[in-house]
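Colleague:
There are 2 protein chains.
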Amino acid sequence: MYVERLQRVRERMAALDVDVLLLSVGADLPWLTGYEAMPLERLTMLVLPSTGDTSLVIPRLEAPRVEPRDDLFEIVPWDETDDPVALVGRLAGRPRSVAIGDQSWARFVLGLQATLPQARFRMASEVTSSLRMVKDEGEVQALRAAARAVDAIAIEMRDRPFAGRTEAQVHQELVERMLDAGHQRANFAIVASGPNGASPHHEPGSRVIERGDVVLCDFGGTMQHYCSDITRMFVVGEVDREVREAYTVLVEAQERAVQAAVVGTPCEDVDASARKVLADAALGEHFIHRTGHGIGVEAHEDPYVVAGNTTPLAPGHAFSIEPGVYLPGRFGLRLEDIVVATPTGPERLNLAPRDLAVVD
Amino acid sequence: MYVERLQRVRERMAALDVDVLLLSVGADLPWLTGYEAMPLERLTMLVLPSTGDTSLVIPRLEAPRVEPRDDLFEIVPWDETDDPVALVGRLAGRPRSVAIGDQSWARFVLGLQATLPQARFRMASEVTSSLRMVKDEGEVQALRAAARAVDAIAIEMRDRPFAGRTEAQVHQELVERMLDAGHQRANFAIVASGPNGASPHHEPGSRVIERGDVVLCDFGGTMQHYCSDITRMFVVGEVDREVREAYTVLVEAQERAVQAAVVGTPCEDVDASARKVLADAALGEHFIHRTGHGIGVEAHEDPYVVAGNTTPLAPGHAFSIEPGVYLPGRFGLRLEDIVVATPTGPERLNLAPRDLAVVD
Numbered sequence: 077m078y079v080e081r082l083q084r085v086r087e088r089m090a091a092l093d094v095d096v097l098l099l100s101v102g103a104d105l106p107w108l109t110g111y112e113a114m115p116l117e118r119l120t121m122l123v124l125p126s127t128g129d130t131s132l133v134i135p136r137l138e139a140p141r142v143e144p145r146d147d148l149f150e151i152v153p154w155d156e157t158d159d160p161v162a163l164v165g166r167l168a169g170r171p172r173s174v175a176i177g178d179q180s181w182a183r184f185v186l187g188l189q190a191t192l193p194q195a196r197f198r199m200a201s202e203v204t205s206s207l208r209m210v211k212d213e214g215e216v217q218a219l220r221a222a223a224r225a226v227d228a229i230a231i232e233m234r235d236r237p238f239a240g241r242t243e244a245q246v247h248q249e250l251v252e253r254m255l256d257a258g259h260q261r262a263n264f265a266i267v268a269s270g271p272n273g274a275s276p277h278h279e280p281g282s283r284v285i286e287r288g289d290v291v292l293c294d295f296g297g298t299m300q301h302y303c304s305d306i307t308r309m310f311v312v313g314e315v316d317r318e319v320r321e322a323y324t325v326l327v328e329a330q331e332r333a334v335q336a337a338v339v340g341t342p343c344e345d346v347d348a349s350a351r352k353v354l355a356d357a358a359l360g361e362h363f364i365h366r367t368g369h370g371i372g373v374e375a376h377e378d379p380y381v382v383a384g385n386t387t388p389l390a391p392g393h394a395f396s397i398e399p400g401v402y403l404p405g406r407f408g409l410r411l412e413d414i415v416v417a418t419p420t421g422p423e424r425l426n427l428a429p430r431d432l433a434v435v436d
Numbered sequence: 077m078y079v080e081r082l083q084r085v086r087e088r089m090a091a092l093d094v095d096v097l098l099l100s101v102g103a104d105l106p107w108l109t110g111y112e113a114m115p116l117e118r119l120t121m122l123v124l125p126s127t128g129d130t131s132l133v134i135p136r137l138e139a140p141r142v143e144p145r146d147d148l149f150e151i152v153p154w155d156e157t158d159d160p161v162a163l164v165g166r167l168a169g170r171p172r173s174v175a176i177g178d179q180s181w182a183r184f185v186l187g188l189q190a191t192l193p194q195a196r197f198r199m200a201s202e203v204t205s206s207l208r209m210v211k212d213e214g215e216v217q218a219l220r221a222a223a224r225a226v227d228a229i230a231i232e233m234r235d236r237p238f239a240g241r242t243e244a245q246v247h248q249e250l251v252e253r254m255l256d257a258g259h260q261r262a263n264f265a266i267v268a269s270g271p272n273g274a275s276p277h278h279e280p281g282s283r284v285i286e287r288g289d290v291v292l293c294d295f296g297g298t299m300q301h302y303c304s305d306i307t308r309m310f311v312v313g314e315v316d317r318e319v320r321e322a323y324t325v326l327v328e329a330q331e332r333a334v335q336a337a338v339v340g341t342p343c344e345d346v347d348a349s350a351r352k353v354l355a356d357a358a359l360g361e362h363f364i365h366r367t368g369h370g371i372g373v374e375a376h377e378d379p380y381v382v383a384g385n386t387t388p389l390a391p392g393h394a395f396s397i398e399p400g401v402y403l404p405g406r407f408g409l410r411l412e413d414i415v416v417a418t419p420t421g422p423e424r425l426n427l428a429p430r431d432l433a434v435v436d
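Okay, structure coming up:
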């Protein structure tokens, strides 16, 4: 698999006239080699020239963590008193065009620019994004398995008590359930209750959930290298009429966007279809973010389902559809599933019930 | 506190002829403002000109998370279809010299370089590092509290069973204990048993710990914004003679380095003092990493205790002293405390017993 990906990356480098690809922290490196760089001040970097040998430059003390893959790269360890930027520069040769991992640290970007002054730097995603965006059957299967794992958690939460617990406690439960369900890592678990729900990326805190609260749970992690991401809504005890009405519109908006996600449709049209339903119900101004993001080895990646993105959907594109309604000081609502575009239409990977779950 | 830090940063910018400081992900931003940027594709960036108003550019959906600080910055939210790089470029004016956060993502560095073609880019650490390195009494107090919290865990672990549990299970226990002890975040918890100990950054896995194993536990997190980091060694049941002898040398090496950490001594001399003890015992080749790293709002920061770093220690410098011995295929040993340089000599912040703890 990695050998085949490497081959496709090299073909794309040739087409784009990129002489060397430099990958450090971020998802490109594990997607391409299975190895994930530690986000540390000690540089780990794959040096992949368009032709010739590939090197994985790595701190010597991390070398034991690397599974040797002679078919992919040679391990080039550096010692504590070596200069890893100079080492990468030597291995890169005299490139005119360098593509560097989008999340590489500024200190290494600036160092490499000084070391390779003749080179033009561009983003590695120009090389990798179009390849990573299209998931093959094995990747869709991994995304499906991760989705089903968080589906099961969303269903279990319907029978759990919410009132009297803090957001932080429910957050912790979600994290533990993701790990128990086979995720190697919990990436996030937003629990936003009552007025906190109006902050889309609310950090779960000490607020005690109480009767009448609307509670937004948005959680996901990484399982077999691929990500999950789901949002479901819970209400404690009785449901306010305004909440129920807004949620009914939101379910419709999400459904329309999912149905719009057919091969060939531009991403921005999928976004617009959710937005229209909310606008028609006079809720448009409260939907303050894009409709979705691509998902794969990274929790957020191309394609983004957002106004201005004219990329047409292709078979194997995987992305979230997650419209929301946020009323500052009062409550927030969001509904999110992962969807894959297929030749026979959109496939929802998440199957947990999408109603407003009433909990204790 | 933040107002005073901002003032000192501006003075240093003036001295270095830096026109604007741009801070995104990484520890400089929370150190300077209390706000931590989410590591996402949506740009959050503080734009701090050497004179004039400071702006916090932030995705609109994250704006509710920011505690307004009119004395520090103006919040400038951007919408999903805006170009945040162009926005930062406009707020930056026409700088000749830009200092950008060391961990800023390459995609934003390259975008800003294209937007501000007349500017020379350098690392923000040139501005902030010398300021962050020297901890005031409040910061030392926070580091001390974090150290005492993990000390208590290291002591508790002496009475816990190890044999029959996997590394991953002990890892999970350490993470939970750090959170229970008041850490807002567990940053890492290395549990490396038997031959896995020879990999300094071993990822805890499915290996079941057994009688006779040497187990390295290196764990730390963030508490009240400041980091903890401690390594202690455990042996299950009986202790091998070679392990005991090597550990005795290691304790001596660590003690010598701590004692060497007096104000005015270059960092590299502290490193050399640990290295000499191990070399004299013919263990030098098995000590494959630097002696330590600075610690503060970041788990690893300046000053690094490493050959080649001639920075003399100053009062308020805080750093780890953690020599190790790694025998591939057999075992690994490390002993780590956090130390602060003070006018009256080195202060160890960690006080948990440093002997080889015998556990079941």
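Residue numbers (our numbering), protein chains in the order written: chain A, 77 to 436; chain B, 77 to 436.
Cβ atoms here follow ideal geometry from the backbone N, Cα and C, with glycine treated the same way.
Nothing here was measured: the structure is a model prediction, and the numbers come from that model.
(1) Going by the beta-carbon positions, is the gap between LEU186/B and ILE176/A smaller than 9 Å?
(2) Compare the Cα-Cα distances from GLU249/A to each of ARG283/A, VAL216/A, ALA223/A, CYS293/A and report the closest residue.
(3) If you measure between the beta carbons of VAL315/A and VAL291/A, is that distance less than 9 Å?
(4) Starting from ARG317/B, find everything on chain A with Cβ-Cβ shorter than 9 Å and list it in chain order.
(5) Between the beta-carbon of PHE295/B and the beta-carbon of PHE264/B, is there less than 9 Å?
(6) Along chain A, which residues have their Cβ under 9 Å away from the Cβ of THR324/B?
(7) Under 9 Å, do LEU99/A and LEU92/A count as touching if we go by C-beta distance?
(8) Count the CB pairs spanning the region 341-348 of chain A and the region 273-285 of chain A that are closer than 8 Å, and state whether there are at least three.
(9) Is it the case that the Cβ atoms of ILE397/A and ALA337/A are separated by a distance below 9 Å?
(10) Going straight from the alpha carbon of TRP154/A to that of ARG241/A, what length do you get?
(11) Residues in the same chain with beta-carbon distance under 6 Å from HIS376/B, minus the five sequence neighbours each way, listed in chain order, please.
(12) Mind checking whether LEU207/B and TYR302/B have CB atoms under 9 Å apart?
(13) When the cut-off is 9 Å and only beta carbons count, does GLN248/A lie next to chain B?
(14) Which residues mark the beginning and the end of the beta strand (DSSP E) in which SER126/B is found?
(15) Against chain B, does MET121/A count as a neighbour if the rule is that its beta carbon must be under 9 Å from one of theirs?
(16) Cβ atoms of GLY400/B and LEU409/B: under 9 Å apart, would you say?
(17) By alpha-carbon positions, which one of LEU326/A, LEU427/A, ALA223/A ends up nearest to MET299/A?
(18) Are the region 357-372 of chain A and the region 229-238 of chain A touching by the rule of at least three beta carbon pairs closer than 8 Å?
(19) Could you check how far apart the C-beta atoms of THR367/B and ALA350/B are, in whole angstroms? I think they sit under 8 Å.
(20) Secondary structure at VAL353/A, three-state DSSP: helix, strand or coil?
(21) Which of the residues in the region 111-144 of chain A, read from start to end, lie with their CB under 9 Å from any CB of chain B?
(22) Can you give the Cα-Cα distance for LEU97/A and GLU328/A, rounded to whole angstroms?
(23) For the alpha helix (DSSP H) holding PRO422/B, just list the boundary residues, first then last.
(24) Could you pull out every residue in the same chain whose Cβ sits closer than 8 Å to the Cβ of THR387/B, ignoring the five residues on either side in sequence?
(25) Could you check which residue in ALA333/A, PRO404/A, LEU354/A has the C-alpha nearest to that of ARG424/A?
(26) Taking the beta strand (DSSP E) that ALA175/B belongs to, which residues open and close that run?
(27) Near MET77/A, which residues of its chain fall below 8 Å by C-beta distance, leaving aside the five closest residues on each side in sequence?
(28) Ordered along the chain, which non-local residues of its own chain (more than five positions away) have a Cβ less than 7 Å from that of VAL339/A?
(29) Would you verify that the beta carbon of TRP181/A is, or is not, closer than 9 Å to some beta carbon of chain B?
(30) Starting from the beta carbon of MET233/A, find every residue of chain B whose beta carbon is closer than 7 Å, and list them in chain order.
(31) Against chain A, with Cβ distances strictly below 9 Å, would VAL185/B count as a contact?
(32) Which residues in chain A have a C-beta closer than 7 Å to the C-beta of SER275/B? List them in chain order.
(33) With burial defined as no fewer than 16 other Cβ atoms inside 10 Å of the residue's Cβ, what is the status of PRO429/A: buried or exposed?
(34) Can you list the residues of chain A that PHE395/B reaches, using a CB-CB cut of under 8 Å?
(35) List the residues of chain D that VAL382/A touches, going by C-beta distances under 9 Å, in chain order.
(36) Could you tell me the boundaries of the beta strand (DSSP E) in which HIS369/A lies?
Modeller: On the basis of the data shown:
(1) yes
(2) CYS293/A
(3) no
(4) Chain A residues near ARG317/B: none, gap ~25 Å exceeds 9 Å.
(5) yes
(6) Going along chain A, no residue has its Cβ under 9 Å from THR324/B, so there is no contact; the nearest lies around 23 Å.
(7) no
(8) Put simply, the region 341-348 of chain A does not touch the region 273-285 of chain A. Fewer than three CB pairs are less than 8 Å apart.
(9) yes
(10) Using only the alpha carbons, I get a separation of about 49 Å.
(11) For HIS376/B, where only same-chain residues beyond five positions count, the Cβ hits under 6 Å are HIS369.
(12) no
(13) yes
(14) No beta strand (DSSP E) contains SER126/B, which DSSP labels as neither H nor E.
(15) no
(16) yes
(17) Among LEU326/A, LEU427/A, ALA223/A, the Cα nearest to that of MET299/A belongs to ALA223/A.
(18) Flag = no, the region 357-372 of chain A and the region 229-238 of chain A do not touch.
(19) 5 Å
(20) helix
(21) MET114, PRO115, LEU116, GLU117, ARG118, PRO135, ARG136, LEU137, GLU138, ALA139, PRO140, ARG141
(22) Their backbone Cα atoms lie some 44 Å apart in a straight line.
(23) No alpha helix (DSSP H) holds PRO422/B; the beta strand (DSSP E) holding it covers 421-424.
(24) PRO342, CYS343, ASP378, PRO379
(25) ALA333/A
(26) 173-176
(27) Taking MET77/A as the centre and dropping the five residues before and after it, the same chain places the C-beta of GLY214 closer than 8 Å to its C-beta, in chain order.
(28) LEU389, ALA390, PRO391, ALA417, PRO419
(29) For TRP181/A, the nearest CB of chain B lies under 9 Å from its own CB, placing it at the interface with that chain.
(30) Within 7 Å Cβ-Cβ: nothing; MET233/A doesn't reach chain B, min ~21 Å.
(31) At least one beta carbon of chain A lies nearer than 9 Å to the beta carbon of VAL185/B.
(32) PRO140, ARG141
(33) A residue is called buried once 16 or more other Cβ atoms fall within 10 Å of its Cβ, and PRO429/A, having fewer, is exposed.
(34) Neighbours of PHE395/B on chain A: none; closest Cβ ~14 Å, over 8 Å.
(35) Of the chains in the structure shown, none is chain D; the protein chains are A and B.
(36) Per DSSP, HIS369/A belongs to the beta strand (DSSP E) from 368-370.
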